[in-house]
Every structure is written in structure tokens, then in C-alpha cells.
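Residue numbers 0 to 159, in numbering that gives the first Met the number 0, belong to the letters of the sequence shown in order.
Don't be surprised by glycine CBs; every beta carbon is placed ideally from N, CA and C.
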Amino acid sequence: MVTCMTHSPDETAALAALVGQKVHEGTVLCLEGDLGAGKTLFVQSLARTLGVEGEVTSPTFNLMNIYEGICPIYHFDLYRLESEAELDEIGFYEYTDEPEGIVVIEWADKFPEALPEDYVRIRLERLADEEDGRLCSISCVGGEHEKFMKELAESVHSSH
Ligand code: ADP
Ligand code: MG
């Protein structure tokens with residue numbers, strides 16, 4: 000697991016850029032954390048690093064946005080989703096079963112049963128005593144992303 004403390008939006012964006020430099024096509028990234036933790040900010044920086052030039056906003060109402068960068072990026076936000084059955088309706092599994100491009104899912108932990116076997120888990124938590132402080136933990140579920148985790152750990156350590 001890679002953990003680090005960030006003290007500003009820019010520092011979280013820098014971490015997301017490191018993830019963007021290492022991530023491979025076919026990866027699902029699941030983001031967890033309360034409202035305002037920084038999930039969308041993380042995705043914005045990740046998408047920029049992957050060459051997306053247009054607007055990147057939280058797909059709270061439309062549930063999914065697609066961006067074109069060096070590969071397609073599918074950005075889900077499950078905040079307003081009420082049941083797992085709705086995931087089928089929005090075609091969620093078509094994107095996560097054998098992902099083309101990169102899939103990022105905000106509020107992924109709302110439906111743990113719906114997540115694929117292999118994914119990268121990114122958890123952002125506010126710090127109680129620091130308004131702009133966040134604890135960022137990145138880990139992988141399943142064995143497929145262990146090499147990615149190792150490379151990420153090296154680049155996070157060398158950037159500090
Ligand atoms: P979420 O998608 O998790 O609801 P957003 O990314 O929309 O959260 O909003 C995060 C807010 O918190 C932004 O306004 C951002 O500027 C602010 N913020 C303050 N400190 C940080 C930090 N260390 N990391 C990320 N965001 C931060
Ligand atoms: Mg958001």
C-alpha cells in the first residue's frame with residue numbers, strides 16, 4: 000500500500016499525476032472518500048496527465064463521462080445511484096468487465112459486490128485537525144496490479 004499525506008489540492012493533484020504516469024490501459028481505479036475529500040480533483044489531474052484537454056467534471060447526474068486522452072477514460076460517479084440493479088441499466092459492467100482504456104469510479108465503495116476482481120483502490124480521507132490535509136492510501140485488490148503498485152511506490156518515494 001502507498002500512503003501519503005497531502006496538505007493542499009495541488010499536492011493531491013501531484014499524486015494523481017504520478018498515478019496517471021504509471022497507470023496502464025485496462026485498469027479500473029476505484030475512489031473512496033467523503034464528499035469534498037478530493038475524488039473529482041484527483042480524477043481531473045489524472046485525466047490531464049493522460050492527455051485530456053476538455054472539461055473534467057463530476058458525472059453526478061449523468062453517472063458517466065467519457066474523455067479522450069491517450070486512451071478513452073470512463074469516469075463514473077455512483078453517489079446518486081440507489082441500487083445495484085441500476086448499474087446494469089447504465090451499462091456499468093460493459094466497461095468494468097474487460098476494460099478498454101481506463102475506468103475511474105467515484106463512490107465505488109457503495110457497491111463493493113459490483114467491482115471487478117482486480118482494481119486499484121484509492122482512498123482519500125480528511126484530517127481532523129487540518130482543513131486542507133488529506134490522507135491518501137492507494138492499494139490494489141486482486142493480483143493484477145502489483146507491478147503498478149511497486150512502480151508507484153518508487154515514484155512516490157522519489158518525489159518526496
Ligand atoms: P469529492 O469529489 O471527493 O466530493 P472534490 O474533488 O469535488 O471532492 O472537492 C475537493 C475539495 O477540497 C476541492 O474544493 C479542493 O480544492 C479541496 N481541497 C482542499 N485540500 C485538499 C487536498 N489536500 N486534496 C484534495 N482536495 C483538497
Ligand atoms: Mg466528486
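### Task
Compute the minimum distance between the beta carbon of Thr11 and the heavy atoms of the ligand MG, and state whether it is under 8 Å.
no
### Task
To the nearest angstrom, report how far apart Glu153 and Val22 are at their CA atoms.
14 Å
### Task
State yes or no: is the C-beta of Ser158 nearer than 8 Å to some heavy atom of the ligand ADP?
Ser158 Cβ: outside cutoff for every heavy atom of the ligand ADP.
### Query
Three or more beta-carbon pairs under 8 Å between the segment 113 to 132 and the segment 24 to 43, yes or no?
yes
### Query
Are the CB atoms of Ile72 and Gly100 nearer to each other than 9 Å?
yes
### Query
Thinking C-beta only, is Glu105 closer than 9 Å to Phe75?
The beta carbons of Phe75 and Glu105 sit closer together than 9 Å.
### Query
Going by the CB atoms, is the gap between Val155 and Val27 shorter than 9 Å?
no
### Query
Just to check, is the beta-carbon of Lys109 closer than 8 Å to a non-hydrogen atom of the ligand MG?
no
### Task
Report the three-state DSSP secondary structure of Leu45 (helix, strand or coil).
helix
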